[in-house]
Structure formats: C-alpha cells, structure tokens
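Asker:
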Amino acid sequence: MSLATPRPRILQPINDKLVSVFACVDAGTAHVLRNILEDNGIPARVTGESLAHAGLANIANVEVVVFESQEAEA
C-alpha cells in the first residue's frame, strides 16, 4: 500500500492547467509529499488538513494538490 495514491476525480483547472490530486493517509505524509514535490520545482498545496485536525477526518481527506505554474512556462 502506498502512502499517497492518485485520486480519480476531476477538479476545476487552475489557470486552465491540469490538476493532480493525491490522497494521503495523514497530514504528516501530505506535508512530506508536498516538500518532495516543491524541492523538485513542482508547486503543491496540502488541503483538507484543518478539517482532519478538527476531528472530522472521516469526512475530509488530507490531499496534496499539484498544478502547473505559469512561471514554469517562462
């Protein structure tokens, strides 16, 4: 079992770019994945963390959202 798996769902594109979403087993794993991605020049965001910390983990998944930046195209 991997710690982060691609999530088969469509999100609203950011600046008309494709978005990848990785569901993580916990917030710590999400932050490690985000740090690895950002160290390699890939902008990423952790989402759902505040609901998970509020005890609502059963209705909110901690995810890492990856998107292309306009700076990468320049």
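For what it's worth, my numbering labels the leading residue of the sequence shown as -16, then goes sequentially. For each residue, glycine too, the CB sits at the ideal point set by N, CA and C. For clarity, every value in this text was computed on a predicted model and none was experimentally measured.
#1: If we ignore side chains and look at the alpha-carbon of each, how far apart do ARG17 and VAL29 end up?
#2: Thinking just about the alpha-carbon of each residue, which of GLU21, GLU32 and ALA27 is nearest to the one in ASP9?
#3: For VAL15, which of helix, strand or coil comes out of DSSP?
#4: Buried or exposed: where does GLU46 fall if 16 or more other Cβ atoms within 10 Å of its Cβ makes it buried?
Answerer: The relevant details are as follows:
#1: 7 Å
#2: Cα-wise, what sits closest to ASP9 is GLU32.
#3: helix
#4: buried
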